[in-house]
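Undergrad: Pasting in a structure now, in structure tokens, and then I'll have a few things to ask.
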Amino acid sequence: MADDQEHQDLVDDVDATPREPSDNNIRIFLRVKPSKRVSGFFTWEEEQGALEYNIPKDVAAGLINNSRTQYKFKFDALIGMEAKQEEVFDRVGRPCVQNALDGFNSTIFAYGQTGSGKTFTITGGAERYEDRGIIPRSLSMIFDEMKQHPDRQTTAYISYLEIYNNQGYDLLNEDHQNTKDIDDLPKVSMLEDEDGNCHLRNLSMHRVASEEEALNLLFLGDTNRAVSETSMNLASSRSHCIFTVSLESRRGGGSEVILRSKLHMVDLAGSERAHKTGAKGKVLREATYINTSLHYLEMVIVALHEKNTKGRTHIPYRNSMMTSVLRDSLGGNCKTVMVATASAEKEQTDESLSTCRFAQRVARVRNDAHLNEEVDPVIVIRQLKAQIVALQEELTVLKGEAKEGDELKEYEQDKLRQKVVDFVHNTDPNAHLNMGEITYTKMRLCFSFLKAMAQPGANGSTSAENAKNNQTGHSNQDGSYGAPDSEVNRCFFFDSCDHCGNSLCGWDSSMGGSWSWSIPFNSATTRSPFLSTCSKRATTTRRWRRSLRVRRRKRRRRYRNQS
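Here you go:
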């Protein structure tokens, strides 16, 4: 009795205490069904999201009525009777669909009494195109986004689950067309892994590539739904239905990161009171299961609220199949939105108050939504293999080992030599030596070319070189002869010398006293950039020519032996 009293106190006080706004809380929207018999019991402020009930007391003869007469409720938004389906989707559905496209799990579920407009809100009407509900509009938005972002590879899968009398059935199962009794259909069973995640067996997943394919599956599932006629609703849904769109996306260019998300759109069966619906037989049995499952849903909501306020640890998800399937949507990794549907008629005041109270309790539930990123192991393995190959090649270069086939032909060596010359000639401090694919052989040749170019002045001027420098007239600031002090290691045998008058010397006073590198490799005046007629470089030139003749003789001899 104490627990029942505590529960009743929560029911009475929940509408009086405003909740603290938070991005993690379940968002609540109240939609009022249009009616020509609107009672004057309630007033609302749509901009403030506030609804107030003022119920007059009916005083019967000889009885005292002490029932409460005033109720105030606060919602994230109120959707009035004049609102169109497009407005409902823009305010409720569009943010949830965008969250799913961004990699977050999202859920939209409608709750309310039978005949209050839940199915019309979620699925829509069949008479006019403008009456499309949240599900068809969400499918349209998903495939429009896929077309607008071709760089993002997105795959969509659809499933449609029906929970009828606490038994699960696949609405997309082809056996629905050939079976008259629903009990003959294969049932969807739940399996729970070691991490507590719920998996559904016998529930098919259909890959869809277009909006048309997705809508065809929606229409097929709606055709197979269990519907009965009651005094309050000519086409009353007798089951809870969960339409799920599973999205898998990744960025273009072979990204290894995969975003996986689910979008649940839930149409709950409406709560009923048997004395109002006049249900009997099969319909009464269905109503019993519906009310029982909704009661278990309310127990889960109350337990989640006590978890946040009193530290409760156990949440009774397993009491029903519906709460087990929606486990993530209620207090888990999901961004959830609830649409509470109510009637404005006087006869439905009690049920509308019950719906508003339940909505206030749901608004206190906090979820823990996070981005669902996974790494594709196939792509990671491929990238690691490529990295291993690159590291092995780098290790080969660092060890100084030449691989088979790395030897360069003569014309390739000449091209590489010219690249070295161009690199040294380039005055840009950020210039790079572009040798193509870096191999040990190329690196060794480049260093040998640089060493040969720097050889003449690497250790200063010898007495023999100074003697030859006296003949050219080059002198330094300290009275010595040879290349300028700051250019000792850069002076090479090139053209355009206006200092000594020699046409092939590399001294250029126009550059502030530096050695130019302008001689082309195939110049008619010389056969190599390492050839000079500058008198101060005569010794080096003779050595180079002698070495060149020796190499040519060896090369001709090798070619004769090979032929």
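Going by this note's numbering, the sequence shown opens with residue 6, and the numbers climb by one from there. Backbone N, C-alpha and C fix where the C-beta goes; we use that ideal spot for every residue, glycine too. Source: prediction; values computed, not measured.
(1) Check each candidate in PRO382, GLN418, LYS559 and PHE363 and name the one with the smallest Cα separation from ILE31.
(2) Which residue from ASN59, ASN178 and ILE140 puts its Cα closest to that of THR48?
(3) Using 8 Å as the cut-off, can you tell me whether the stretch 297–308 makes contact with the stretch 320–329, which would need three or more C-beta pairs spanning the two stretches below that distance?
(4) Grab me the residues of GLY275's own chain with a C-beta within less than 8 Å of its C-beta, minus the 5 sequence neighbours each way, in chain order.
(5) Does any CB atom of chain D fall closer than 8 Å to the CB of SER260?
(6) With GLU197 as the anchor, note down where its beta strand (DSSP E) starts and where it stops.
(7) If you measure between the beta carbons of LEU35 and ALA345, is that distance less than 8 Å?
(8) Along the chain, which unbroken stretches of the alpha helix (DSSP H) at least 4 residues long are found entirely within the stretch 408–436?
(9) Mapping DSSP to helix, strand and coil, what is ARG558?
(10) With DSSP as the reference, label VAL370 as helix, strand or coil.
(11) Quick one: Cα of SER72 to Cα of ALA292, how far?
(12) Quick check on the DSSP output: the beta strand (DSSP E) that includes MET343 runs from which residue to which?
(13) So within the stretch 105–137, which uninterrupted beta strand (DSSP E) runs reach at least 3 residues, ignoring any that extend past its ends?
(14) Quick check: is any heavy atom of the ligand FAD less than 7 Å from the C-beta of SER359?
(15) Which of the three DSSP states, helix, strand or coil, is assigned to HIS310?
(16) Locate the beta strand (DSSP E) running through GLY173, then write down its first and last residues.
(17) Looking at the structure shown, is SER145 part of a helix, part of a strand, or coil, going by DSSP?
(18) Look at the alpha carbon of PRO434 and the alpha carbon of GLU399, and state the distance between them as a whole number of angstroms.
(19) Rounded to the nearest angstrom, what separates LYS559 and ASP427 at their Cα positions?
(20) Just the Cα atoms here: how many angstroms apart are MET343 and ASN170?
(21) Going by DSSP, name the residue or residues bridged to VAL262.
(22) In the DSSP output, what is LYS79 paired with across the bridge?
(23) Let me know if LEU83 comes out buried or exposed under the rule of 16 or more other beta-carbons within 10 Å of its beta-carbon.
(24) Are the stretch 173–192 and the stretch 261–274 touching by the rule of at least three beta carbon pairs closer than 8 Å?
(25) What's the call for GLY316, buried or exposed, on a 16-neighbour Cβ count within 10 Å?
(26) Between which two residues does the beta strand (DSSP E) carrying GLY37 extend?
(27) Determine the burial state of HIS62: buried for a count of at least 16 other Cβ atoms within 10 Å of its Cβ, exposed for fewer.
(28) Using CA atoms only, rank isn't needed, just tell me which of MET448, ASN431 and ALA115 is closest to GLU412.
(29) Excluding the 5 residues preceding and the 5 following VAL193 in the sequence, name in chain order all residues of the same chain whose CB lies nearer than 7 Å to its CB.
(30) Run through the DSSP bridge pairs and tell me what LEU166 is partnered with.
(31) Give me the residue from ASN431, THR432, VAL429 and THR446 with the minimum Cα distance to GLU417.
(32) In whole angstroms, give me the CA-to-CA distance for ALA115 and LEU273.
(33) Using the three-state DSSP reduction, which class does ILE187 fall into: helix, strand or coil?
(34) Does ILE60 come out as helix, strand or coil in the three-state DSSP assignment?
(35) Just to confirm my understanding: we take GLN353, look at its own chain, exclude 5 residues before and 5 after, and list those with CB closer than 7 Å. What are they?
(36) Work out the CA separation of GLU132 and ARG142 for me, nearest whole Å.
TA: Based on what the coordinates show:
(1) Position 26 of the sequence shown, counted from the first residue, corresponds to residue 31. The residue with the shortest Cα to Cα distance from ILE31 is PHE363.
(2) Looking up residue 48 in the sequence shown gives position 43. Taking only the C-alpha atoms, the option nearest THR48 is ASN59.
(3) By the Cβ test, the stretch 297–308 is in contact with the stretch 320–329, since at least three Cβ pairs between them sit closer than 8 Å.
(4) For the purposes of this step, residue 275 is taken as residue 270 along the sequence shown, with counting starting at 1. Cβ neighbours of GLY275 within its own chain (closer than 8 Å, five residues either side excluded): GLY117, GLN118, THR119, GLY120, SER121, LYS123, ASN238, SER241, SER242 and ILE295.
(5) Absent from the structure is chain D; it holds one protein chain and no more.
(6) Mapped onto the sequence shown, residue 197 falls at position 192. Unbroken beta strand (DSSP E) run through GLU197: 192–197.
(7) The residue given as residue 35 occupies position 30 in the sequence shown. The residue given as residue 345 occupies position 340 in the sequence shown. With contacts defined as CB atoms closer than 8 Å, LEU35 and ALA345 qualify as a contacting pair.
(8) Considered as a whole, the stretch 408–436 harbours 415–430 as its complete alpha helix (DSSP H) runs of no fewer than 4 residues, in chain order.
(9) Here residue 558 refers to the residue found at position 553 when the sequence shown is read from its first residue. DSSP places ARG558 in helix when its eight states are reduced to three.
(10) As a working note, residue 370 is residue 365 in the sequence shown. Of the three classes helix, strand and coil, the one that applies to VAL370 here is coil, per DSSP.
(11) Residue 72 sits at position 67 when you count from the first residue of the sequence shown. Residue 292 sits at position 287 when you count from the first residue of the sequence shown. Spanning the two alpha carbons is a distance of roughly 28 Å.
(12) Your numbering for residue 343 matches position 338 in the sequence shown. Unbroken beta strand (DSSP E) run through MET343: 340–348.
(13) 111–117, all fully within the stretch 105–137.
(14) The ligand FAD is not among the ligands present in this structure, which contains no ligands whatsoever.
(15) The residue you call residue 310 lines up with position 305 of the sequence shown. Residue state, collapsed to three classes: helix.
(16) On the sequence shown, residue 173 is found 168 positions in, with the first residue counted as 1. Per DSSP, GLY173 belongs to the beta strand (DSSP E) from 172–175.
(17) Position 140 of the sequence shown holds residue 145. It is helical.
(18) To locate residue 434, count along the sequence shown from 1; it is residue 429. To locate residue 399, count along the sequence shown from 1; it is residue 394. So the two alpha carbons sit approximately 26 Å from each other.
(19) Within the sequence shown, numbered from 1, the residue matching residue 559 stands at position 554. Within the sequence shown, numbered from 1, the residue matching residue 427 stands at position 422. Answer to the nearest angstrom: the Cα atoms are 29 Å apart.
(20) Start at 1 with the first residue of the sequence shown, and residue 343 comes out as number 338. Start at 1 with the first residue of the sequence shown, and residue 170 comes out as number 165. Our two residues, MET343 and ASN170, have alpha carbons roughly 23 Å apart in a direct line.
(21) Numbered from its first residue, the sequence shown carries residue 262 at position 257. According to DSSP, which records beta bridges pairwise, VAL262 is partnered with VAL380.
(22) Reading the sequence shown from its first residue, position 74 is the one you call residue 79. For LYS79, which the question treats as bridged, DSSP gives the partners ALA55.
(23) Translated into the one-based positions of the sequence shown, residue 83 becomes position 78. Buried.
(24) Under the Cβ criterion (8 Å, minimum of three pairs), the stretch 173–192 does not count as touching the stretch 261–274.
(25) Within the sequence shown, numbered from 1, the residue matching residue 316 stands at position 311. With fewer than 16 neighbouring CB atoms inside 10 Å of its own CB, GLY316 falls in the exposed class.
(26) As a working note, residue 37 is residue 32 in the sequence shown. The residue asked about is misnamed: residue 37 is Val in this sequence, not Gly. Taken as a continuous stretch (DSSP letters only), the beta strand (DSSP E) holding VAL37 covers 32–38.
(27) For the purposes of this step, residue 62 is identified with residue 57 of the sequence shown, where counting begins at 1. Note on identity: in this sequence residue 62 is Lys, with His being the wrong assignment. Counting Cβ neighbours within 10 Å, LYS62 comes out exposed, since fewer than 16 surround it.
(28) Translated into positions along the sequence shown, residue 412 becomes position 407. Distance from the Cα of GLU412 is smallest, within the candidate group MET448, ASN431 and ALA115, for MET448.
(29) Taking the first residue of the sequence shown as position 1, residue 193 is located at position 188. Non-local C-beta neighbours of VAL193 in its own chain, meaning closer than 7 Å and more than five positions away in sequence, comprise LEU166, GLY173, TYR174, ASP175, LEU205, ARG206, ASN207 and LEU208, ordered along the chain.
(30) For the purposes of this step, residue 166 is taken as residue 161 along the sequence shown, with counting starting at 1. ASP175 and ILE247, per the DSSP bridge assignment.
(31) Here residue 417 corresponds to residue number 412 of the sequence shown, with the count starting at 1. For the residues ASN431, THR432, VAL429 and THR446, the minimum Cα distance to GLU417 belongs to THR446.
(32) Start at 1 with the first residue of the sequence shown, and residue 115 comes out as number 110. Start at 1 with the first residue of the sequence shown, and residue 273 comes out as number 268. Inter-residue distance for ALA115 and LEU273 is about 6 Å (C-alpha atoms, whole angstroms).
(33) Here the question's residue 187 lines up with position 182 in the sequence shown. In the structure shown, ILE187 sits in a helix (DSSP, three-state: H, G or I).
(34) Numbered from 1 along the sequence shown, position 55 holds the residue referred to as residue 60. DSSP places ILE60 in coil when its eight states are reduced to three.
(35) Start at 1 with the first residue of the sequence shown, and residue 353 comes out as number 348. Closer than 7 Å at the Cβ level, and outside the excluded window around GLN353, lie GLN118.
(36) Translated into positions along the sequence shown, residue 142 becomes position 137. Translated into positions along the sequence shown, residue 132 becomes position 127. Going by the C-alpha atoms only, they are around 16 Å apart.
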